[in-house]
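Student: Residue numbers (this note's numbering), protein chains in the order written: chain A, 1 to 720; chain B, 1001 to 1148.
Built from N, CA and C at the ideal position, the CB exists for glycine as well.
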Amino acid sequence: MFREAHLSVSRRAFLQTGTAATLLLAIEIPARADGQRPVLAGWIEIAPDDTTTIFSNTSEIGQGTGTGLAQLAADELDVPWDDVRIEMAPLDDAHFNPSFGEYATHGSGGMRFQADAYRIAGARARLMLIGAAAKKWNVQASECSTEPGAVVHAATSRKLSYGKLVERAASIIVSDKPTLKSRTSWRYIGKPVPRLDIPSKTNGAGVYGIDVKLPGLSIATIGQCPAFGGTLESVDPTPAMAIAGVRHVVPMVSAVAVVANGHWAAQQGLAALKPQWNLSSATHTNSKSYGETLRSAIEKDGRAYAPRGTTADALAKTHDEAMAKAASKFEAVYEVPFLSHAPMEPMNATARPLPDGMELWLPTQAQTASRRAVAKFLGVSPDKVILHTTLSGGGFGRRGEFDFALQAAEIARKVGAPVKLIWSREEDIQHDWYRPAVAVKIAAGLNSQNSAIAWRFESASASLADWSEYGTYKLGPGEVDGEALAGFARGAYSFAAPRYGWSLMDAGVPVTYWRSVGQSQNIFALESFIDELALHTKRDAIALRRSMLAGDNRALRVLDTALQKSGWDSPSPGRSRGFAMAHSNGTLVAQVAEISVTPANEVHLHRIVCAVDCGLAVNPNSVAAQIEGGIVFGLSAAFLNAITIDDGRVQQSNFHDFPLATLAQTPDIDVTILDSDADMGGAGEEAVGATAPAIANAIFAATGKRVHRLPFASEGFGLV
Amino acid sequence: MAFAIVVNGRHIDIEMSGDTPLLWALREGVGLTGTKFGCGKGLCGACTVHIDDRPVRSCSFNLSDVGKSKVTTIEGLGAQGARLQQAWIAEQVPQCGYCQSGMIMAAAALIARNPKPTDDDIAGNITNLCRCGTYVRVRRAIRRATAT
């Protein structure tokens, strides 16, 4: 099962350390039982000086996953934390996320799909090092043990550090099912180990995509057709070429790029151009009328959706029969706008032409897909495209698309020299792949005791699967984009006689995955609706939720913890609270928002209390940071953000009209991570959804006004 | 045009047009990439540097206006910076980290003027944007760095 290090890493290691004795412990993890998944291999490298590098295949976009993965491997390997480094793994089959079958970062899947593999890799590496020492000392491996960073033979008081054993360890064959440490002996797993990437993020040393330096590098910037779907008719390059430093004007299908000796010259060059756009194929979408389209769509039966294990026909039959028996019906409609991801680092990519391919440096969440797309564009095989992953200044799903990488490759090929393409913030806001605008209708059929006996969910939006270039799966005729119903299906609650529908309503506006995806709108709708239903049926909203959690003790514990930590039963005078919860990607989150509202409808957020059960929290401090960050992300969406479109053009352009929540607006956030032995869940996305409804429910408690549409600011509730 | 400016205590001759934003002069002319481009309009603060101890959004400050002033970037923050950086590490503030150079520069300028900022002072002065939502930790780190 052991094999020699793959060439690219061992060569790189050799170059870095200047010694051939550095060895990569390449450890194969067997393919999953279904045989469909690639193996996971080559995660640990130990140098003669004991420096232990653990490779991460998960882009560092802010989550700290590299440190978490290193904790898992290092604990089993039994190595001093001070010796541990992390580095991005090379882009090859051996380093794919086994659950994705590719090298990518999404779905809060960096930890939960790979934790076991990293632990096994660490444990196997340790056994190989023990085997090497035993061989050298001519003793039984069973007589040897380890202390951090060294193999020990206690009987003869001999000890050798891992760095001195690593070369010999290469030929040791060990079990692919090693015994893993028990929970009580974990040294790093489950501990708030300081993140390894953080020091370089406090002194300017961290290298993001925008920081890449290469000999002979030109800087490009780009102006894309302002209306989606339009193309470039013509552009006179003369005004740009007249600006000092401008080297090339590159017309593209639906954009024009200016290449210069620096960013300022490129930006001025672009500003000087007057590109003529061909709008014959452009969309003329207006988000206001599109909103009306969505609202009318949810009044009709959409495409029927059935969660796994059910059929649409069976759901419809059961639902319709139950609804026919209902004494009354209660329903509400919720709407959310298009949203931009707006990561702090604007889109950028660096490309260097090679004789038979291209080398790229990308802040990306989609290495495999980016390489495939660039190779296809160049007409070469993917192995001719070399891709380096840099740090990313945020991602949130935006860097799962690779439009910027393709553009850099095209520009570099056209000018025949290395180019770093940097978008302006205006391009970033106006040419994102947006969180779709969505309308949702929830209806509950009530019996004569006012209990819900049938639930109906109708949603209308564009399709993420169809738009995303990252995803290769496209909807067939009549198929449903399951993300559109996330949280209604597969969520926290059991619904009596549910029926799900979705209407595909495209607007010609690019959409893609946005932190928390379908939950970003559906949890707002659902958790608002439950409070409304409770009011309508004169029940306590928390008691209603308890009944809908149907004895799910894990969910009830999360709910109870959030209530207890918030002092739910002893409200502070002058303050109002709202509750919301969600279950996604294996993680349960419950939030209480504590607010006060002025007579002018200015909302003061005093505190958000959040309880989380994500199964094992490998690094509780990193999980807490992700939860805090998810809540702030949710805060911007709840109060401040909307992308509106007129005549196919985005009307916002920068942070003055797409404002983010500020430090002053951010309340104290009190996160409790529950000790749990449930299967590991995600942490990056799972807190986003519950924030808006917790606040909406608090606003209702404070004012008696129910908000059905985001953002709150457009509904008259400002954030101060 | 040639400009002689002082960055992090070093005298640097820089050949760029005078209307070049200081941000790009630092990043491309001096080669200091810790100062980040976020919005180009002075809205986000990712490009915050000090000019004579004053926090300035360098995307909106021309190279020709630097004159004899001393420019300090995240790379040259010195002892005061080290204290903040330690607090930032202790509180595990950064997530993606992209805004944090500017955040630390803004915090350093605040503390230089006001060694014991209250929470209101912090809220009023740290107006940098962070999309990852590290604000609660930024607040904690500033409190930690200014605690006696």
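What do you reckon, are the CB atoms on A:V589 and A:A582 nearer than 7 Å?
Tutor: Cβ distance < 7 Å, so A:V589 and A:A582 count as in contact.
Student: Could you say which of A:E60, A:M548, A:A74, A:Y493 lies nearest to A:S200 if we only look at CA atoms?
Tutor: The residue with the shortest Cα to Cα distance from A:S200 is A:E60.
Student: Cβ closer than 8 Å: which chain B residues qualify as neighbours of A:P343?
Tutor: The answer, in chain order, is C1096, Y1098, R1131.
Student: Of all the residues that make up the segment 383–408 of chain A, which are near chain B by a beta-carbon distance shorter than 8 Å?
Tutor: Answer set for the segment 383–408 of chain A: L391, S392, G393, G394, G395, F396.
Student: Could you check whether the segment 1038–1054 of chain B touches the segment 270–289 of chain A, counting it as contact only if at least three pairs of C-beta atoms, one from each stretch, sit closer than 8 Å?
Tutor: Result no; under three Cβ-Cβ pairs closer than 8 Å.
Student: Quick one: does A:N57 have its CB under 7 Å from some CB of chain B?
Tutor: Not one chain B Cβ lies under 7 Å of A:N57.
Student: May I have the straight-line CA-CA distance separating B:M1016 from A:P659, to the nearest angstrom?
Tutor: Roughly 33 Å between the two C-alpha positions.
Student: Taking A:R352 as the query, report the chain B residues whose CB atoms sit under 9 Å from its CB, ordered along the chain.
Tutor: Under the 9 Å cutoff, chain B gives no residues; its nearest Cβ is about 18 Å from A:R352.
Student: According to the Cβ coordinates, are A:A70 and A:V84 closer than 7 Å?
Tutor: Closer than 7 Å, so yes.
Student: Do A:A638 and A:T691 count as a contact pair if the criterion is CB distance below 7 Å?
Tutor: Cβ distance < 7 Å, so A:T691 and A:A638 count as in contact.
Student: Determine, using beta carbons only, whether A:L77 and A:R126 come nearer to each other than 7 Å.
Tutor: Cβ distance < 7 Å, so A:L77 and A:R126 count as in contact.
Student: DSSP three-state call for A:H106: helix, strand or coil?
Tutor: In the structure shown, A:H106 sits in coil (DSSP, three-state: anything other than H, G, I, E or B).
Student: Using the C-alpha atoms, what's the distance from A:A489 back to A:P498?
Tutor: A:P498 and A:A489: Cα-Cα distance of roughly 9 Å.
Student: Under 8 Å by Cβ, that's how I've got A:A94 and A:S56 pegged, so tell me the actual separation to the nearest angstrom.
Tutor: That pair is no contact at about 14 Å.
Student: Kindly list, in the order they appear in chain A, the residues whose Cβ is closer than 7 Å to that of B:V1136.
Tutor: Chain A residues near B:V1136: E628, T666, D668, I669.
Student: Under 8 Å Cβ to Cβ from A:S392, same chain only, skipping five residues before and after it: list those, please.
Tutor: So the qualifying residues of the chain are S59, E60, I61, G62, Y208, G209, P343, E345, P363, T364, Q365, R399.
Student: Quick check on this structure: which residue in A:K376, A:T52, A:C614, A:W467 has the alpha carbon closest to the alpha carbon of A:L196?
Tutor: Residue A:T52 is the option with its Cα nearest to A:L196.
Student: Below 7 Å between beta carbons: does that hold for A:A687 and A:I643?
Tutor: No. Outside cutoff.
Student: Any heavy atom of the ligand SAM closer than 6 Å to the beta-carbon of A:K384?
Tutor: The model depicted lacks the ligand SAM and carries no ligand whatsoever.
Student: Determine, for A:K201, whether the minimum Cβ-Cβ distance to residues of chain B falls below 7 Å.
Tutor: By this cut-off, A:K201 is an interface position.
Student: Does the beta carbon of B:A1123 come closer than 7 Å to any beta carbon on chain A?
Tutor: By this cut-off, B:A1123 is an interface position.
Student: So is A:A324 buried or exposed if we call it buried at 16+ other beta carbons inside 10 Å?
Tutor: Counting Cβ neighbours within 10 Å, A:A324 comes out exposed, since fewer than 16 surround it.
Student: Going by beta carbon distance, what residues of the same chain come within less than 6 Å of A:S251, once the five residues before and after it are set aside?
Tutor: Strictly speaking, residue 251 of chain A in this sequence is Pro, with Ser absent from that position. Hits under 6 Å: L232, V235.
Student: Is the segment 1002–1017 of chain B close to the segment 1066–1085 of chain B, with three or more CB pairs under 8 Å?
Tutor: The answer is yes - the segment 1066–1085 of chain B touches the segment 1002–1017 of chain B, with three or more Cβ pairs under 8 Å.
Student: Quick check on A:W264 - is its C-beta less than 7 Å from some C-beta in chain B?
Tutor: Yes, A:W264 counts as interfacial toward chain B.
Student: Can you give the Cα-Cα distance for B:R1137 and A:D670, rounded to whole angstroms?
Tutor: Their Cα atoms are separated by approximately 12 Å.
Student: Hey, A:T561 and A:T672: beta-carbon distance below 7 Å or not?
Tutor: Against a cut-off of 7 Å, the Cβ pair of A:T672 and A:T561 comes out as a contact.
Student: Taking a cut of 9 Å between CB atoms, which residues from the segment 1012–1042 of chain B lie near chain A?
Tutor: Cβ contacts with chain A: M1016, S1017, D1019, T1020, P1021, L1023, W1024, A1025, R1027, E1028, G1029, G1031, L1032, T1033, G1034, T1035, K1036, F1037, G1038, C1039, G1040, K1041.
Student: Could you give the distance in angstroms between the alpha-carbon of A:L616 and the alpha-carbon of A:A694?
Tutor: Looking at the two C-alpha atoms, the distance is approximately 26 Å.
Student: Take the Cβ of A:G553 as the centre, count every other Cβ of all protein chains shown within 10 Å, and call the residue buried at 16 or more, exposed below.
Tutor: The question names Gly, but residue 553 of chain A is Asn in the sequence shown. By the neighbour-count rule (16 or more Cβ atoms within 10 Å), A:N553 is not buried but exposed.
Student: Do A:A260 and A:I222 have their beta-carbon atoms positioned less than 7 Å apart in this structure?
Tutor: Contact flag unset, no.
Student: When you compare only the Cα positions, how much space is there between A:S381 and A:Q407?
Tutor: So the alpha carbons of these two residues sit roughly 18 Å apart.
Student: Helix, strand or coil: which one does DSSP assign to A:P239?
Tutor: Helix, per DSSP.
Student: Given that a residue counts as buried once 16 or more other Cβ atoms are within 10 Å of its Cβ, and exposed if not, what is B:L1022?
Tutor: When all chains shown are included, B:L1022 counts as buried.
Student: Any idea if B:M1174 is buried or exposed, counting beta-carbon neighbours within 10 angstroms, 16 or more meaning buried?
Tutor: Residue numbering for chain B in the displayed model covers 1001 to 1148; residue 1174 of chain B lies beyond these limits and cannot be assessed.
Student: Is the beta carbon of A:S459 closer than 7 Å to that of A:V440?
Tutor: Yes, the pair counts as a contact, with Cβ atoms nearer than the cut-off.
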